[in-house]
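Report on the following structure.
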Amino acid sequence: MTPLAKGRYQARIAETPADLQAAQALRRQAFLGDDQGGLDADAFDALCTHFLVEDRNTGRLVCCFRILPLADGAEIGRSYAAQFYELSALKGFDGRMVEMGRFCIHPDVQDADILRVAWGAMTTYVDENNVEMLFGCSSFSGTDAAEYFDAFAMLRDKHLAPKRWLPQVKAPNVFRFAARLRRKPDPKRAQMRMPPLLRTYLLMGGWVSDHAVVDSQMNTLHVFTGLEIRAIPPARKRLLRAIAV
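Here our numbering is used: the first residue of the sequence shown is 27, the next is one more, and so on.
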């Protein structure tokens with residue numbers, strides 16, 4: 027994939043060990059609040075392709091994510107998410123899949139164009155490789171589920187996975203929001219507390235697991251998130267492809 031430049035930002039694929047270390051440092055800062063030179067690294071880094079979004083004026087890395095391609099659902103057990111979710115229902119998916127993971131934006135930078143450029147790069151990859159499903163773990167900061175009750179209630183009411191794909195519980199510590207929450211969501215509070223990446227998935231027709239995993243190591247709550255490419259509304263597809271051009 028050739029670099030994608032839009033306005034102030036450019037998305038490209040990491041090419042060197044230094045590129046990967048920069049992404050690992052940003053992940054550590056974004057997820058754990060550590061800006062003292064630590065790295066967030068795991069065994070999946072060597073298996074994945076890493077995308078970087080940089081400020082073209084300064085060269086500063088402002089966003090990164092990684093992708094793991096799978097031939098079809100039969101390979102779902104190779105994914106990072108399979109450590110936390112029982113995903114046997116997805117073994118029957120017969121199209122190409124990509125796991126999108128470790129998505130983060132620099133905590134000191136607030137610009138909606140960063141997310142747009144990141145999704146533009148992902149759209150290019152999806153189109154070039156005939157991907158039929160994107161999936162991953164969408165993270166809420168911190169592990170206090172009460173902070174996100176309205177968001178979880180909205181996920182329960184409007185965005186649960188179809189039964190044929192629904193992930194089952196595997197992790198030892200989970201919050202079963204679909205079963206436990208009885209409140210009606212406040213739409214404004216729900217949207218405010220929804221992570222930007224997850225909001226984008228949902229706008230495109232994405233769906234989530236019926237429970238959140240409490241990940242103390244990463245200091246997050248996360249939900250399995252899936253998006254069937256054919257289910258993206260045509261208007262949203264045109265928007266994404268316009269960014270990707």
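The C-beta atom is built at its ideal place from N, Cα and C for all residues, glycine as well.
Just so we're clear, the structure is a prediction, and the values are computed from it rather than from any experiment.
- Under the 8 Å Cβ criterion, the stretch 120-140 counts as touching the stretch 91-98, having at least three qualifying pairs.
- For residue 146, the enclosing alpha helix (DSSP H) covers residues 138-154.
- At a cut-off of 3 residues, the continuous stretches assigned as beta strand (DSSP E) that sit fully inside the stretch 154-191 are 159-167.
- Contact annotation: residue 60 and residue 54 have beta-carbon atoms nearer than 7 Å.
- Here residue 40 is actually not in contact with residue 29; their C-beta atoms are around 12 Å apart, not less than 8 Å.
- When the five nearest sequence neighbours on each side are left out, the beta carbons in the same chain lying within less than 7 Å of the beta carbon of residue 162 are those of 107, 125, 126, 127, 251, in order along the chain.
- At a Cβ-Cβ threshold of 7 Å, residue 237 and residue 202 count as neighbours.
- Of the candidates 77, 180, 47, 113, the residue whose Cα lies closest to the Cα of residue 146 is 77.
- In its chain, beyond the 5 residues on either side, no residue has a beta carbon closer than 6 Å to the beta carbon of residue 243.
- By the neighbour-count criterion, in which 16 or more other beta carbons inside 10 Å mark a residue as buried, residue 50 falls on the buried side.
- Per DSSP, residue 214 is one residue of the alpha helix (DSSP H) stretching across 213-219.
- In the structure shown, the three-state DSSP call for residue 226 is helix.
- For residue 55, the enclosing alpha helix (DSSP H) stretches over residues 43-58.
- Proximity to residue 132 across 52, 115, 118, 195 peaks at 52, based on C-alpha coordinates.
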